[in-house]
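A.B. asks:
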Amino acid sequence: MTQPALLSVIELKRYFDVGHGEKLKAVDGISFDIYRGETFGLVGESGCGKSTAGRTILGLYSKTDGDVLYGGQSVHDMTSKERQRFLKKMQMIFQDPYASLNPRSTVYEIIAEPMQIHSLYKTKEEMRIRVNELLEDVGLSREHANRYPHEFSGGQRQRIGIARSLALDPEFIIADEPISALDVSVQAQVVKLLQRLQREKGLTYLFIAHDLSMVKYISDRIGVMYLGHMVELTTSAQLYDKPLHPYTEALLSAIPIPDPDIEELRERILLQGELPSPINPPSGCVFRTRCPSAMEVCAELKPKWLEQETGHFVACHLHDKQVMTRRDAVEVPELSR
């Protein structure tokens, strides 16, 4: 990308104090850029830190270290007035449409609340017109404005959440697993809605999910997270055609293929063991305890974040020429666990 990044995440860390002097390392030094108008997918297993990363980027969580730059300005060093202006530009769609909507508020009140906080309109009539426009933008009717969340299906509730995220006319939206709580038949509808809104309003997305099959169709580039670390980053097409990290390969192998004959014959990569604790992560490469290609060096050294091809980054010793020429890396191919 030759254009300047709209959002830059620089060695971002977010630790949680769990007592007894221990820290839960939810996000442990991730870096990536997001460019205006694109959709950046952030994927990984549950517990890998991707949702924490999204909330820290928005400033809902304070950072432990590193930085987040939006338009060249630090998100975490803003004054109260600067942050108020910033929140008009960046909004969030939450994962659970059942928990993220106030059950005691009408749809009108839910969508209008951000407008009231930021004093966008002088009259209630102007605000009501805008709420009705947003409802129609997300495929609902203005007649829905006076109903309550419990009167809607899961997909309709998520549409209300999307309308609320658009209330301040943002340019950047963090979608935190917006389809994971929905039926499969509804997921595609919501994804198509997000794509249409992006085209019509020029939006930029950070799309957080654990389902690589869906992320492929909405994302321009994808970053893969594991245990608080970024392990691979490239374009959507390149990630599917030529994955480099063993963890990415395992995630892709779990995606079912619609052809039953191919699905029956293909080999899946099954990861052994459970996801390690982010309180006490493995030394060296955090993936080594489950990696089928782990070597002795993986326990000793943390992999470098290297650009293997233009725009294709990976953190894995298998793709580090300097490490692979080491005698122990060649002679001890398997790591004893």
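Numbering (my numbering), first residue to last: 10 to 346. Every residue, glycine too, gets a C-beta built ideally from N, C-alpha and C. Owing to the predicted nature of the structure, the values given are computational and were not obtained by experimental measurement.
On a CA-only basis, which of 296, 221 and 100 is nearest residue 213? Give me that one, please.
C.D. replies: Of 296, 221 and 100, the residue nearest in Cα terms is 100.
A.B. asks: From the DSSP output, read off the bridge partner residues of residue 33.
C.D. replies: Note: residue 33 sits in a beta bridge opposite 25.
A.B. asks: Report the residue from 166, 135 and 93 whose alpha carbon sits nearest the alpha carbon of residue 119.
C.D. replies: Nearest of 166, 135 and 93 to residue 119, Cα basis: 166.
A.B. asks: Which complete beta strand (DSSP E) runs does the segment 55–109 hold, if anything under 3 residues is left out?
C.D. replies: Here the runs fully enclosed are 74–79 and 99–102.
A.B. asks: Can you tell me which of 300, 307, 245 and 215 puts its alpha carbon nearest to the alpha carbon of residue 64?
C.D. replies: Ranking the options by Cα distance to residue 64, first place goes to 215.
A.B. asks: Could you check whether residue 40 and residue 19 sit closer than 9 Å to each other, using their CB atoms as the reference points?
C.D. replies: Yes, the Cβ-Cβ distance between residue 19 and residue 40 is below 9 Å.
A.B. asks: Please classify residue 186 as buried or exposed, where buried requires at least 16 other C-beta atoms within 10 Å of its C-beta.
C.D. replies: Its Cβ being crowded by 16 or more others within 10 Å, residue 186 is buried.
A.B. asks: Would you say the segment 111–125 touches the segment 143–162, given that touching needs at least three Cβ pairs under 8 Å?
C.D. replies: Segments in contact, yes.
A.B. asks: Taking 7 Å as the limit between beta carbons, can you name the residues of its chain near residue 281, skipping five residues before and five after?
C.D. replies: These residues qualify, in order along the chain: 299.
A.B. asks: Can you find at least 3 beta carbon pairs, one from the segment 234–253 and one from the segment 305–325, that sit closer than 8 Å?
C.D. replies: Enough Cβ pairs lie closer than 8 Å, so yes.
A.B. asks: Tell me, please, which residues DSSP counts as bridged to residue 232.
C.D. replies: BP columns for residue 232 point to 51 and 242.
A.B. asks: Looking only at its chain, what residues have a beta carbon closer than 6 Å to the beta carbon of residue 294, apart from the 5 residues adjacent to it on each side?
C.D. replies: Answer for residue 294: 307 and 312, listed in chain order.
A.B. asks: Mind checking residue 27: buried by the 16 CB within 10 Å criterion, or exposed?
C.D. replies: Looking at its Cβ environment, which holds fewer than 16 other Cβ atoms inside 10 Å, residue 27 is exposed.
A.B. asks: Taking DSSP as the reference, what is the three-state secondary structure of residue 346?
C.D. replies: Residue placement at residue 346 cannot be trusted, given a pLDDT of 40 that sits under 50; what the coordinates show is reported in the next sentence. Reduced to three states, the DSSP call for residue 346 is coil.
A.B. asks: Taking all protein chains shown into account, do 16 or more other C-beta atoms lie within 10 angstroms of the C-beta of residue 159, making it buried, or fewer, making it exposed?
C.D. replies: Answer is exposed; the Cβ neighbour count stays below 16.
A.B. asks: Using C-beta distances below 6 Å, list every residue in its chain close to residue 321, excluding the 5 sequence neighbours before and after it, in chain order.
C.D. replies: For residue 321, where only same-chain residues beyond five positions count, the Cβ hits under 6 Å are 243 and 247.
A.B. asks: Could you please give the first and the last residue of the uninterrupted alpha helix (DSSP H) stretch that includes residue 117?
C.D. replies: 116–126 is the extent of the alpha helix (DSSP H) around residue 117.
A.B. asks: Can you say whether residue 125 is buried or exposed, counting buried as having 16 or more other CB atoms within 10 angstroms of its CB?
C.D. replies: Exposed: under 16 other Cβ atoms inside 10 Å.
A.B. asks: Counting only runs of 3+ residues fully inside the segment 133–209, write out the beta strand (DSSP E) ranges in chain order.
C.D. replies: Listed in chain order, they are 181–185.
A.B. asks: Any idea if residue 197 is buried or exposed, counting beta-carbon neighbours within 10 angstroms, 16 or more meaning buried?
C.D. replies: It is exposed - the Cβ of residue 197 has fewer than 16 other Cβ atoms within 10 Å.
A.B. asks: Determine, using beta carbons only, whether residue 75 and residue 21 come nearer to each other than 9 Å.
C.D. replies: Yes, Cβ-Cβ distance for residue 75 and residue 21 is below 9 Å.
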